[in-house]
Amino acid sequence: MIKILKMNDKKTSMDAMRPTRIFSMAMLLLLSSTLFAQSYFNPLLMNQLGLSHSRDVALSGANASDYSSAMSTFSNPANQAGFIGLKLSGSFGAITTNENRSFPAIDQFGDVVTNNIYVVSKGMQNTFSGGATWGRGLLSLSLASTPFLTPAFAFKEEIRGSLYSPNINRDPLIGYHHLNQAGIIQASGASIGTAFGSWSVGLGMRLLHGVDLENEWGISVLDSADVSALAAGSNLLKAESWELDNTPLIVNMGLIKDFGLHWRISASYQTAYSIESTRQGAIPMYDLTLGLPIVEWSSDSIGSTVNIPARMELGLRMKPSNSLPTSVYLSLAYQDWTQYEVSYGDSLMDADSPFDYPMQEAFTLSGGIEHWVNENVPFRAGFTWAESPLDSDLSQAVLSGGSGWKSGPLQFDVAVQLSSVGYKYYDIFVPVGMSANSYENVRESKTNYSISVSYSL
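In my numbering, the protein residues as written are 3 to 459.
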């Protein structure tokens with residue numbers, strides 16, 4: 003049977019357990035349907051990036067009923083209907099993450115005095131997207147490549163020994179616990195849109211492929227004489243580059259209805275898809291003892307298939323009768339995460355660790371406003387409220403904003419998106435011979451920076 007190395011963490015409030023060579027990383031699974039926080043859980047469900055053009059980022063994706071660029075046509079392929087000419091677009095993005103983990107300091111009376119932060123993790127993932135749209139009014143065609151999913155997460159913890167009176171120097175550094183997952187799953191494809199009077203329809207198809215997908219997990223021992231706080235007594239390092247074993251196809255269908263010049267409603271549907279891979283690290287499973295989803299490292303490569311459910315979205319655009327152009331957007335998306343599944347190529351693994359977490363349906367509500375201060379400069383702001391497929395108490399909010407400059411056929415756009423979340427979770431790495439018996443506090447903040455440039459011919 004394949005040996006599994008589970009990852010976990012250390013603290014002074016841990017109970018002793020029988021010595022094993024197993025390290026566990028139990029994950030309290032949280033998810034959002036776009037670029038939200040909780041990047042630590044990306045390997046389980048793959049954090050969906052979704053938005054790439056700066057205008058879409060600034061409006062929190064609420065503008066699926068409106069055309070921005072070739073990249074946005076996959077949200078609703080019908081939004082490009084009526085486009086005339088040729089438009090080239092490109093976007094660069096940087097996703098920065100700052101996560102701190104702390105445990106409560108408890109006094110002799112059992113009261114929590116403060117939360118001691120023991121590790122701060124910072125990471126950054128760069129993205130690029132580009133595309134072109136050509137249209138003649140009734141018929142429009144777009145080609146684009148966009149970042150779609152990412153397993154990215156970075157963690158590095160300093161482990162220090164202890165000094166006692168009268169030595170008052172800083173506790174010596176004895177080792178590191180480190181974890182790094184990087185890379186992008188890119189989506190490349192084409193979409194087409196056409197108009198029939200006040201109705202517009204569209205169809206898009208994308209293929210997924212991996213870009214620089216890497217996993218690394220390790221324990222670095224600097225002082226072999228003092229390893230009591232480390233998850234291993236000697237250096238351990240696991241690193242791999244991996245890729246998708248299949249080429250997932252995603253189909254997007256869209257419908258738009260205009261009611262005069264001021265109102266528009268839209269509907270879109272994205273098909274379910276499966277991601278197949280063979281790797282040692284970041285393998286999603288379910289721990290029956292903990293009653294939680296987990297991500298594991300194995301001694302051998304394991305084939306796995308993750309099934310992501312279909313997504314439906316309704317949109318609304320309203321254009322008031324202002325002297326300066328203004329648009330208000332709303333969207334409501336739905337995914338039935340009870341259809342989420344994980345299966346394994348090894349029948350023993352499938353029998354021993356089936357993924358059987360009770361996922362639930364989730365809605366995402368987004369809103370945005372775009373106001374042109376003058377004919378060259380827009381102001382944009384957006385907001386998203388997303389339910390978690392785990393529990394309604396884990397819903398979270400995202401704020402975004404941006405602007406740009408338009409000069410003739412050339413247009414620049416910038417945007418920033420902010421999110422933050424706090425939750426309880428187990429330690430990541432547990433010292434040899436110990437087991438975590440309590441949750442710790444995790445606080446993560448994430449910022450998405452985007453800059454886009456478009457040129458119309």
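The beta carbon of each residue, even a glycine, is placed where N, CA and C say it ideally should be.
Residue i to residue j span [Cα, whole Å]
i           : j           : result
residue 450 : residue 422 : 12 angstroms
residue 429 : residue 360 : 23 angstroms
residue 87  : residue 458 : 7 angstroms
residue 148 : residue 163 : 46 angstroms
residue 310 : residue 252 : 11 angstroms
residue 123 : residue 285 : 22 angstroms
residue 30  : residue 157 : Only weak support is given to the placement of residue 30: the predicted model assigns it a pLDDT of 31, under 50, and the question is left unresolved by the model.
residue 34  : residue 190 : In this prediction, residue 34 scores a pLDDT of 31, lower than 50, which makes its location untrustworthy; no coordinate-derived value is stated.
residue 385 : residue 427 : 27 angstroms
residue 275 : residue 206 : 14 angstroms
residue 406 : residue 328 : 15 angstroms
residue 200 : residue 342 : 37 angstroms
residue 452 : residue 113 : 44 angstroms
residue 39  : residue 448 : Because the pLDDT of residue 39 is 42, which lies under 50, any placement of that residue in the model is unreliable, and the number read from its coordinates should be weighed accordingly. Spanning the two alpha carbons is a distance of roughly 6 angstroms.
residue 264 : residue 131 : 31 angstroms
residue 441 : residue 109 : 18 angstroms
residue 181 : residue 219 : 5 angstroms
residue 398 : residue 362 : 16 angstroms
residue 197 : residue 416 : 30 angstroms
residue 183 : residue 215 : 8 angstroms
residue 443 : residue 118 : 9 angstroms
residue 115 : residue 101 : 22 angstroms
Closest Cα partner of residue i within the set the options
i           : options            : result
residue 212 : 277, 241, 227      : 277
residue 77  : 317, 154, 223      : 317
residue 129 : 95, 150, 112       : 95
residue 137 : 193, 273, 244, 207 : 193
residue 81  : 91, 65, 89         : 65
residue 246 : 305, 363, 201      : 305
residue 314 : 264, 125, 339      : 339
residue 280 : 299, 273, 90, 265  : 299
residue 97  : 114, 154, 216, 400 : 154
residue 345 : 398, 331, 363, 287 : 287
residue 445 : 84, 103, 68        : 103
residue 377 : 326, 79, 146, 219  : 326
residue 120 : 231, 68, 183       : 231
residue 324 : 375, 332, 347      : 375
residue 272 : 204, 332, 244      : 204
residue 425 : 57, 105, 308, 139  : 105
First through last residue of the alpha helix (DSSP H) which encompasses residue i
i          : result
residue 60 : 56-60
Own chain residues within Cβ distance below 6 angstroms of residue i, not counting five before or after
i           : result
residue 55  : 70, 71, 73, 74, 93, 454
residue 382 : 60, 61, 372, 404
residue 334 : 316, 367
residue 365 : 336, 389
residue 187 : 150, 151, 210, 212
residue 269 : 257, 316
residue 134 : 72, 90, 145
residue 79  : 193, 195, 204, 205, 206, 254, 256
Where the beta strand (DSSP E) containing residue i begins and where it ends
i           : result
residue 214 : 201-223
residue 180 : 175-198
residue 378 : First-last for residue 378: undefined, no H or E at that position.
residue 373 : 363-374
residue 398 : 398-409
residue 245 : No beta strand (DSSP E) holds residue 245; DSSP gives it neither H nor E.
residue 96  : 86-108
residue 145 : 141-152
residue 419 : 412-427
residue 263 : Run containing residue 263: none; DSSP gives neither H nor E here.
residue 156 : 155-162
residue 344 : 343-346
Spatial neighbours of residue i in its chain, beta-carbon cut-off 8 angstroms, leaving aside the 5 residues before and after
i           : result
residue 235 : 223, 226, 229, 434
residue 411 : 457, 458, 459
residue 282 : 217, 240, 242, 299, 300, 301, 302, 303, 304
residue 379 : 405, 406, 407, 408
Proximal residues to residue i (C-beta, below 7 angstroms), its chain only, five neighbours per side dropped
i           : result
residue 160 : 175, 178
residue 261 : none
residue 85  : 69, 135, 137, 142
Continuous beta strand (DSSP E) assignments of at least 3 residues falling wholly in the stretch 267-333: Within the stretch 267-333, the complete beta strand (DSSP E) runs of at least 3 residues are 275-281, 285-289, 294-300, 304-310, 313-320.
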